[in-house]
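*Asks:* Read the sequence shown against the working numbering and you will find it ends at 253, with the numbers running on by one and no gaps.
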Amino acid sequence: MNAFFLLIISQTNSYSSVPCTGGDGFFADPEYCTRYYRCSHGTDETFECPRGTAWNDESKSCAWVDQVNCDQKKLGYSTSTPNTTTTRKKSDTESVLSDTNAGSTNGKDNSGNSLAIECQPTGIYSISDPTECNSYYQCDKGTRTKLSCPERKLFDTEKRECNDHERVTCGARAINLSDKNQCVNKRDGIHPDPERDCHFYYQCLAQNKMREARCPGDQKFSSYTGRCGPASAAPIPCGSFIPGSAAAKNHWNSGTFIPIFLTMVLAVKLNFQ
């Protein structure tokens, strides 16, 4: 199971009042799987994971929802903060969430490209790209997003997931295993993709690209906030935001939305305890 360690530190309104009775540190919210809180000298502060992720109390970090056991907890997100994403690439071993098959009529994906397939209005599932073996389309309740498999992996039409290239039969689909690794010399975490105008972002782990996703609508991924949002909130070259500027300081002092994106290995969390 691939996991990444992600902490979003921000000032927010409290989602719930949870007494700090277990000492200092980070703890899971008792009601929401997507929230957690930090106790420091008897004072608690509540935080929320980015959309598409949930709190893993074992690793004390946010991780992809499919990698977290939420049991009966809610998966709600606050509407007062920007969404991280509305579509997400499946993990390499994730099972298909819906057995609904795609139709055969013409449709359009969320980038406006004409395709020979159409997503059904219900269900979340993946469809192979008819021309490229390392690409596929994720259908989410009628909305289709084109995604790419991690390096050295191809899309398996039978399992409907990315698999090791040696185990995949591509047929007439083109095989491209020479894609450059965007994660070379990059730290573990989430990075915007400037080559696609930062509408896409991807996860790096041990200098390998693990997965990617697309921001909703025209939003762009900001390396400063660690979230999808307007171009004005994304630093150059993705947008016009300049960290350290007067606008950034006003943004910091407003107290309404002040996230700082920190990606770290598990050992770093000890510095907060």
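Glycine is no exception: its CB is placed at the ideal position from the N, C-alpha and C atoms. Predicted model only: the values in this text are computed from it and were never measured.
1. Going by other Cβ atoms of all chains shown within 10 Å of its Cβ, with 16 needed for buried, is alanine 213 buried or exposed?
2. Quick one: grab the DSSP three-state call for serine 212.
3. Note down the Cα distance separating arginine 124 from histidine 21, rounded to an integer number of angstroms.
4. So, at 8 Å on beta carbons, what are the nonlocal neighbours of glutamate 192 in its own chain, with the 5 sequence-adjacent residues on each side left out?
5. From glutamate 138 to glycine 151, what distance separates their C-alpha atoms?
6. What number of angstroms, rounded off, separates the C-alpha of aspartate 198 from the C-alpha of threonine 205?
7. Suppose the cutoff is 6 Å on Cβ atoms and the five residues either side in sequence are ignored; what does the same chain contact list for aspartate 37 look like?
8. Based on DSSP bridge pairs, tell me the residues matched to serine 202.
9. So the candidates are Cys208, Ser41, Ser202; which of them puts its Cα closest to the Cα of histidine 221?
10. According to DSSP, leucine 127 sits in a beta bridge with which residue or residues?
11. Have a look at Arg15, Pro30, Arg31 and flag the residue whose alpha-carbon is nearest the alpha-carbon of aspartate 24.
12. If I'm right that phenylalanine 135 touches cysteine 113 with Cβ under 8 Å, what's the distance once you round it to whole angstroms?
13. Using the Cα positions of glutamine 118 and isoleucine 107, report the straight-line distance between them to the nearest angstrom.
14. Would you list the residues sitting across from alanine 154 in a DSSP beta bridge?
15. Where DSSP assigns a beta bridge to aspartate 24, which residues make up the other side?
*Replies:* In terms of the structure at hand:
1. Taking the sequence shown and counting its residues from 1, the one referred to as residue 213 is at position 233. Classification of alanine 213: buried, given that the 10 Å Cβ count is 16 or more.
2. As a working note, residue 212 is residue 232 in the sequence shown. Helix at serine 212.
3. Residue numbering aside, residue 124 sits at position 144 when the sequence shown is read from its first letter. Residue numbering aside, residue 21 sits at position 41 when the sequence shown is read from its first letter. If I take the Cα positions, the gap works out to 47 Å.
4. For the purposes of this step, residue 192 is identified with residue 212 of the sequence shown, where counting begins at 1. Closer than 8 Å at the Cβ level, and outside the excluded window around glutamate 192, lie Lys69, Leu127, Ser128, Asp173, Phe180, Tyr181, Tyr182, Gln183.
5. Stepping through the sequence shown from its first residue, residue 138 is reached at position 158. Stepping through the sequence shown from its first residue, residue 151 is reached at position 171. Looking at the two C-alpha atoms, the distance is approximately 13 Å.
6. The residue given as residue 198 occupies position 218 in the sequence shown. The residue given as residue 205 occupies position 225 in the sequence shown. Answer to the nearest angstrom: the Cα atoms are 17 Å apart.
7. Taking the first residue of the sequence shown as 1, we reach residue 37 at position 57. Once the five neighbours on either side are set aside, the close Cβ partners of aspartate 37 are Ala8.
8. The sequence position of residue 202 within the sequence shown is 222, counting from 1. Bridge partners of serine 202: Arg207.
9. The sequence position of residue 221 within the sequence shown is 241, counting from 1. Sequence check: residue 221 is phenylalanine here, not histidine. Selected option, being the one with the closest Cα: Ser202.
10. As a working mapping, residue 127 is identified with position 147 in the sequence shown. Note: leucine 127 sits in a beta bridge opposite Tyr116.
11. In the sequence shown, residue 24 corresponds to position 44, counting from 1. Taking only the C-alpha atoms, the option nearest aspartate 24 is Arg15.
12. Translated into the one-based positions of the sequence shown, residue 135 becomes position 155. Translated into the one-based positions of the sequence shown, residue 113 becomes position 133. Rounded, the Cβ-Cβ distance is 6 Å, consistent with contact.
13. For the purposes of this step, residue 118 is taken as residue 138 along the sequence shown, with counting starting at 1. For the purposes of this step, residue 107 is taken as residue 127 along the sequence shown, with counting starting at 1. Taking the straight line joining both Cα atoms gives about 6 Å.
14. As a working mapping, residue 154 is identified with position 174 in the sequence shown. Looking at the DSSP assignment, alanine 154 forms a beta bridge with Glu112.
15. For the purposes of this step, residue 24 is taken as residue 44 along the sequence shown, with counting starting at 1. Cys19.
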